[in-house]
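Worksheet for the structure shown next.
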Amino acid sequence: MSFVQKFLFSFSPTEPGYGFMWVLLMMFVFAIALMIERGIFLIRRGSFKANPFMEQILSAIMKENIADGIKTCDSREGIALARVIKAGLENASNGAERIRNAIEEATLHVVPELEKRTNYLAMLANVSTLVGLMGTIYGLILSFAAVGAPGIDPAQKSTLLAQGISAAMNTTLAGLGIAIPCIMIFTLFHNKTQKIIDDIDEHSLKLANILTERSYRVHKYHISTAQLKEGVGIHVTHHNIKVFTDNNLIKEINL
275 MSFVQKFLFS FSPTEPGYGF MWVLLMMFVF AIALMIERGI FLIRRGSFKA
325 NPFMEQILSA IMKENIADGI KTCDSREGIA LARVIKAGLE NASNGAERIR
375 NAIEEATLHV VPELEKRTNY LAMLANVSTL VGLMGTIYGL ILSFAAVGAP
425 GIDPAQKSTL LAQGISAAMN TTLAGLGIAI PCIMIFTLFH NKTQKIIDDI
475 DEHSLKLANI LTERSYRVHK YHISTAQLKE GVGIHVTHHN IKVFTDNNLI
525 KEINL
């Protein structure tokens, strides 16, 4: 009987420790499903180049064409960074505080989605190791019980001892076989998630600063027609033109 056949035989109800093996098998299936789901999610949400995307956004802002920037974000539907940038662009004319609040709100909504269920892989790695250890202890208990049992034929003792040790080793192997891939994939997913979050933090802060400066520049010298008519007068003397204003208009200009 090959090693694989012997290992698979440990799932048989006739083998000691088979209960631990089935628990570990269910954990393995759950871990594989989780890896696939999280992998697809992170690829869809973060697999694009942030710098070219932001160049398009900044170009639209410089041209005072916020609508084009929003369309660019819509074309990247599902991308985490695009959702945060879109939130800032949609509030580009609402003042600095509203811009930053919108970006922060979108970030708080996006980040938990990126981190969702990833920590389960770390949990599965730890729990599978412990379940394997529990199976090991159970197998050793059976082995020592067989050795110390009175009135049992030596050949039968050898069989029971071998079965106990086999159960101990199989559960340990299964537990580690689940834990090692889970830890490796968890590390990869964590690094990928952190990279996406770092891009969001960097580019959203840059966008907030640019939109804040733009908002300040637009509102700083905004004077209505009524204010202009009421507050500005022109006095012409020969070739000299004098412009005078009232105090309220001066105050408005210096905001």
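Oh and the sequence shown: position 160 is 434 in the numbering used here, straight run, nothing missing.
Using N, Cα and C, we set each Cβ at its ideal position, and we do this for glycine too.
All figures in this text were calculated on a predicted structure; none of them were measured in a lab.
- Within the region 419-499, complete beta strand (DSSP E) segments of at least 3 residues are not found at all.
- The three-state reading of DSSP puts S321 in coil, since its state is none of H, G, I, E or B.
- Nearest C-alpha to Q468 among L481, V384, A441, G449: V384.
- With a cutoff of 8 Å on beta-carbon distance, I377 and A354 are scored as not near each other.
- Classified as exposed, M397 has fewer than 16 neighbouring CB atoms from the shown chains inside 10 Å of its CB.
- Collapsing the DSSP output to three states places N365 in coil.
- By the Cβ-count criterion, G422 is exposed, with fewer than 16 other Cβ atoms from all chains shown falling within 10 Å of its own Cβ.
- A direct Cα-Cα distance of roughly 8 Å separates R391 from R312.
- Rounded to the nearest angstrom, the gap between the Cα atoms of M458 and V358 is 30 Å.
- Check the Cα spacing between G293 and each of H464, A442, F463: the tightest is with A442.
- With respect to the C-alpha of E389, the residue from M336, L462, A448, M328 having the closest C-alpha is L462.
- The region 303-354 contains, as complete alpha helix (DSSP H) runs of 4+ residues, the segments 324-336, 340-348 (chain order).
- Residue burial is scored here from C-beta neighbours: K466 has at least 16 other C-beta atoms within 10 angstroms and is therefore classed as buried.
- Secondary structure at R372: helix, using DSSP grouped into helix, strand and coil.
- For I335 and C456, the gap between their C-alpha atoms comes out near 44 Å.
- Taking every protein chain shown into account, the CB of D473 has 16 or more other CB atoms within 10 angstroms, so this residue is buried.
- Beyond the five residues adjoining it in sequence on each side, E364 comes within less than 8 Å, by CB distance, of I344, A376 in the same chain, given in chain order.
- Around the beta-carbon of G449, 16 or more other beta-carbon atoms lie within 10 Å, marking it buried.
- Excluding five sequence positions before and after R319, the CB atoms of its chain that fall closer than 8 Å to its own CB belong to G352, I353, A354, E387, L388, I470, given in chain order.
- A residue is called buried when at least 16 other Cβ atoms come within 10 angstroms of its Cβ; L479 does not meet this threshold and is exposed.
- The C-alpha of L447 lies about 23 Å from the C-alpha of N393.
- For G438 against A453, the beta-carbon gap comes to about 23 Å, at or over 8 Å, which does not count as contact.
- Here I331 has G343, T346, C347, I359, L363, L481 as same chain residues with Cβ atoms under 8 Å from its own Cβ, once five neighbours each way along the sequence are excluded.
- Under the three-state reduction of DSSP, F285 is assigned to coil, being neither helix nor strand.
- For R374, same chain residues with a beta-carbon under 6 Å away, outside a window of 5 residues either side, are A482 in chain order.
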